[in-house]
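Protein chains in written order, with this note's numbering: chain A, 4 to 305; chain B, 4 to 305.
See below for the structure under consideration.
Number of protein chains: 2
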Amino acid sequence: MKCKICKGEVYITIKYPKMALCKEHFIEYFEKRVKKTIKKYEMIKPEDKVLIAISGGKDGAVVTYVLKKLGYNVECLHINLGIGEFSKKSLECVKKQTSYIGVRCHIVDLKELTGKGIPEVKSRKPKCSICGTAKRYIVSKFACDNGFNVIVTGHNLDDEASFILNNVMNWSTGYLARQGPILPQKGKLPKKVKPLYELTEEEISSYAEVVGLEVFSEKCPFAKKAITLEYKEMLNKIEETRPGTKYRFVIGYLKNRHLFEKEIEDIPLMECKICGMPSSGEVCSFCRTWELKEEIDLKVKG
Amino acid sequence: MKCKICKGEVYITIKYPKMALCKEHFIEYFEKRVKKTIKKYEMIKPEDKVLIAISGGKDGAVVTYVLKKLGYNVECLHINLGIGEFSKKSLECVKKQTSYIGVRCHIVDLKELTGKGIPEVKSRKPKCSICGTAKRYIVSKFACDNGFNVIVTGHNLDDEASFILNNVMNWSTGYLARQGPILPQKGKLPKKVKPLYELTEEEISSYAEVVGLEVFSEKCPFAKKAITLEYKEMLNKIEETRPGTKYRFVIGYLKNRHLFEKEIEDIPLMECKICGMPSSGEVCSFCRTWELKEEIDLKVKG
Ligand SMILES: [Zn+2]
Ligand SMILES: [Zn+2]
Ligand SMILES: [Zn+2]
Ligand SMILES: [Zn+2]
């Protein structure tokens, strides 16, 4: 097979839409898809101040690389979660990536900041759930404290399809009502967007490779084999015989999301009395879990 | 391990709810589950005249065996589809099953009746779709013509879970609005019920074996590997590590079905001008596909 466009040497065969592409035309294809996704869902305006959360993994690195290349005003935030060697390697990789891309990278050290990294926090909730809360909170607070009005995450088509499938299997209609490529700005909370929403993990890995991005792919030592990983495998198996299944499933979900929206009540958000961030209770779940007495200050000095 | 109830020799280990049972107590458990399902969804009343569609497979045979044992007024209907050896073996097995159970069995020969079996029918639709139409039509017409007010089918938990999953994957909200353990009577069409709705294929196969029912398990030569079979395998894989997944998925669906109901309009049914059965057009899809000029008569003589 030859590249569909230039008949040159094939670098990748994309399954849906089916086509073989050389390196150059795969890069072009990939970036066009990101551009199209941003436009289609009205994710980012040229004047936006964009914060990208990165962990060293392929998704954050790739979305940073592409947004920078497309000329957006982006900076990165990496949270050092304090999980031993894992966090050290993750940080090292983030530093290589951001210097390779030439983008400013802020680093928040959870343990320095609060006295407790993920391992030290005491809670009855699973570690992965606490960690998720911490990451979401710090990214939002950092964006608020430093005037970012858009938060970008690296979620891809496989993430979204498996997340939706898991929520359908559990009939978690609340989650099904709220999931999507953009989460609009709400009070203090900046808009959140997912520019890789329509791209698969395979495409993202191939893109990282072809543009020379080093990626950190170790699993967190706390991570249990998540059910969403099983769903990813299942969906990829169906995708083999029925290319486009994941895409159609996710796009079909977006078309039908209104069915679930009818079910949710909009809980009015209060302000956390410690930190002032939106909260469903008197104290937000981050300040509560980390037993904070005062707001953490994430303003960048100088 | 020993039988949970009598400490006797284990015949089967049920995965959800997890328990080991001897033959005797498995039979008791299985029949109680069927009874409970019939009661829970108000499927059959003692005075009902019940028609069961059977093909020789385990599901129809088992549901017939249990309903007969529970004292319901049941008769069977087998449709000879005229698919060569497959249909011959299927018919032979049905005869053995119904004589073993001691239940009356009516046989409708599609080719004798209309001049065309499944292989001879011309249509652009896939054979499996035509065959489904023919079976549903003949069972309904037979019930109407002979005063049956309830139609029983052998659909099980695995059928239902994979059917729902397939419709979720395609976001076929119309199907999702209508699926369930009972389909209420509508005009001429008798009520349709699925007494094995909450039992798994594995349980049904084990029950068939333990009560000595011979079953026909050959696949129809026209059958393509259906996507629902892939979903069945996937669901069984998840079930291994997370017992109860299929059950919770189906029950959760029933609790949330109203979300999809809002979407459908109730198309008023007309009467087919050939046969008088409910139809969405002037001529019903059976009479149209079989190019019938007059109603087929399914009244049992004598
Ligand atoms: Zn090319
Ligand atoms: Zn707070
Ligand atoms: Zn026993
Ligand atoms: Zn008709």
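Glycine included, C-beta positions come from ideal geometry on N, C-alpha and C.
These figures come from a predicted structure and were not determined experimentally.
From the beta carbon of A:Gly-284, is the nearest beta carbon of chain B less than 8 Å away?
Indexing the first sequence from 1 puts residue 284 of chain A at position 281. No, no contact with chain B.
Just by C-beta distance, which residues in the segment 188-206 of chain A are closer than 8 Å to chain B?
When CB distances to chain B are screened at a threshold of 8 Å, not a single residue of the segment 188-206 of chain A falls below it.
Look up B:Asp-112 in the DSSP assignment and give the residues it is bridged to.
Taking the second sequence and counting its residues from 1, one reaches residue 112 of chain B at position 109. Bridge partners of B:Asp-112: B:Asn-83.
Tell me whether the beta-carbon of A:Lys-56 lies closer than 8 Å to the beta-carbon of A:Thr-117.
If you number the first sequence from 1, residue 56 of chain A lands on position 53. If you number the first sequence from 1, residue 117 of chain A lands on position 114. The residue you asked about is not Lys; residue 56 of chain A is Ala in the sequence shown. With respect to the 8 Å criterion, A:Ala-56 and A:Thr-117 are not classified as neighbours on the basis of their beta carbons.
When the Cα atoms are used, what is the spatial distance from B:Pro-52 to B:Glu-206?
One-based indexing of the second sequence puts residue 52 of chain B at position 49. One-based indexing of the second sequence puts residue 206 of chain B at position 203. First, the residue type needs correcting, since residue 52 of chain B is Lys and not Pro in the sequence shown. If you take the alpha carbons of B:Lys-52 and B:Glu-206, they lie about 27 Å apart.
B:Thr-136 (DSSP reduced to helix, strand or coil)
The residue given as residue 136 of chain B occupies position 133 in the second sequence. B:Thr-136: helix per DSSP, three-state reduction.
Cβ-heavy atom distance between A:Ile-277 and ligand 2 below 7 Å?
Counting from 1 along the first sequence, the entry for residue 277 of chain A is found at position 274. Remark: the shortest separation between the CB of A:Ile-277 and any heavy atom of ligand 2 falls under 7 Å.
Does the beta-carbon of B:Leu-70, which I'm using as the reference point, lie nearer than 7 Å to any heavy atom of ligand 3?
Position 67 of the second sequence, counted from the first residue, corresponds to residue 70 of chain B. Checking every heavy atom of ligand 3 against the Cβ of B:Leu-70, none is found closer than 7 Å.
Decide if A:Ile-38 is buried, meaning its Cβ has at least 16 other Cβ atoms within 10 Å, or exposed.
Indexing the first sequence from 1 puts residue 38 of chain A at position 35. First, the amino acid is wrong: residue 38 of chain A is Lys here, not Ile. Residue environment: A:Lys-38 is assigned as exposed (fewer than 16 neighbouring CB atoms within 10 Å of its CB, all protein chains considered).
Using a Cβ cut-off of 7 Å, pull out every chain B residue sitting near A:Val-253, in sequence order please.
Start at 1 with the first residue of the first sequence, and residue 253 of chain A comes out as number 250. Close partners of A:Val-253 in chain B (Cβ separation under 7 Å) are lacking, with about 10 Å as the shortest Cβ gap.
Taking Cβ-Cβ distances shorter than 8 Å, what residues in chain D pair up with A:Thr-248?
In the structure shown, chain D does not exist; the protein chains are A and B.
For B:Met-22, report the span of its beta strand (DSSP E) as first-last.
As a first step, residue 22 of chain B is located in the second sequence; it is residue number 19 there, counting from the start. Looking at the DSSP string, the run of the beta strand (DSSP E) that includes B:Met-22 is 21-24.
How would you list, in chain order, the residues of chain A whose beta-carbon sits under 8 Å from the beta-carbon of B:Asn-239?
The count along the second sequence starts at 1 and reaches residue 239 of chain B at position 236. Result: empty, since nearest Cβ-Cβ is about 11 Å, beyond 8 Å.
Could one say the Cβ of A:Leu-232 lies closer than 8 Å to chain B's Cβ atoms, at least one of them?
For the purposes of this step, residue 232 of chain A is identified with residue 229 of the first sequence, where counting begins at 1. Chain B contact via Cβ: absent.
Identify, in the order they occur along the chain, each residue of the same chain with its Cβ nearer than 6 Å to the Cβ of A:Gly-11, setting aside the five sequence neighbours on each side.
For the purposes of this step, residue 11 of chain A is taken as residue 8 along the first sequence, with counting starting at 1. Within the same chain, A:Gly-11 has close Cβ partners Cys-25.
At what residue ranges does the segment 12-67 of chain A contain a whole run of the alpha helix (DSSP H), taking only runs of 4 or more?
Taking 4 residues as the shortest admissible run, the segment 12-67 of chain A contains the following complete alpha helix (DSSP H) segments, listed from N- to C-terminal end: 26-43.
If you compare alpha carbons, which of A:Leu-179, A:Glu-123, A:Thr-244 is closest to A:Phe-263?
Your numbering for residue 263 of chain A matches position 260 in the first sequence. Among A:Leu-179, A:Glu-123, A:Thr-244, the Cα nearest to that of A:Phe-263 belongs to A:Leu-179.
Contact set for A:Gly-215: own chain, Cβ-Cβ below 8 Å, skip 5 residues either direction:
Taking the first sequence and counting its residues from 1, one reaches residue 215 of chain A at position 212. Cβ neighbours of A:Gly-215 beyond the five flanking positions: Tyr-103.
With a threshold of 7 Å, establish whether the CB of B:Val-77 neighbours any heavy atom of ligand 4.
Locating residue 77 of chain B in the second sequence gives position 74, counting from the first residue. Proximity of the beta carbon of B:Val-77 to ligand 4 is not indicated: no heavy atom of the ligand is located closer than 7 Å.
Contact set for B:Asp-161: own chain, Cβ-Cβ below 8 Å, skip 5 residues either direction:
Residue numbering aside, residue 161 of chain B sits at position 158 when the second sequence is read from its first letter. Excluding positions up to five away in sequence, the list reads Thr-203, Glu-204, Lys-235, Leu-238, Asn-239, Lys-249.
For the segment 76-95 of chain A and the segment 217-233 of chain A, state whether three or more C-beta atom pairs, one from each stretch, are separated by less than 8 Å.
Yes, the segment 76-95 of chain A touches the segment 217-233 of chain A.
Tell me which residue opens and which closes the beta strand (DSSP E) that A:Lys-194 is part of.
As a working note, residue 194 of chain A is residue 191 in the first sequence. Annotation: the continuous beta strand (DSSP E) that includes A:Lys-194 extends over 194-196.
Does the contact criterion of 3 or more C-beta pairs under 8 Å hold for the segment 131-144 of chain B versus the segment 170-186 of chain B?
Between the segment 131-144 of chain B and the segment 170-186 of chain B there are fewer than three inter-stretch CB-CB distances shorter than 8 Å, so the stretches are not counted as touching.
Identify the continuous alpha helix (DSSP H) that holds B:Ile-254 and give its terminal residues.
As a working mapping, residue 254 of chain B is identified with position 251 in the second sequence. B:Ile-254 -> alpha helix (DSSP H) spans 248-259.
Quick check on the DSSP output: the beta strand (DSSP E) that includes B:Ile-154 runs from which residue to which?
Indexing the second sequence from 1 puts residue 154 of chain B at position 151. Membership of B:Ile-154 in the beta strand (DSSP E) is indicated by the continuous run 153-155.
Lining residues of ligand 1 - beta-carbon closer than 5 Å to any non-hydrogen atom, in sequence order:
Answer in sequence order: A:Cys-6, A:Ile-8, A:Cys-9, A:Gly-11, A:Cys-25, A:His-28.
If the cut-off is 9 Å on Cβ atoms, which residues from the segment 255-268 of chain A count as contacting chain B, listed in chain order?
Taking 9 Å as the Cβ-Cβ cut-off, the segment 255-268 of chain A approaches chain B at Gly-255, Tyr-256, Lys-258, Asn-259, Leu-262, Phe-263, Lys-265, Glu-266, given in chain order.
Between which residues of its own chain and B:Leu-94 is the CB-CB distance below 6 Å, once the five residues before and five after are set aside?
As a working note, residue 94 of chain B is residue 91 in the second sequence. If the five residues before and after B:Leu-94 are omitted, its C-beta is found closer than 6 Å to the C-beta atoms of Asn-83, all from its own chain and listed in chain order.
Just checking: is the beta-carbon of A:Thr-156 within a distance shorter than 8 Å of some beta-carbon in chain B?
Locating residue 156 of chain A in the first sequence gives position 153, counting from the first residue. A:Thr-156 does not count as touching chain B.
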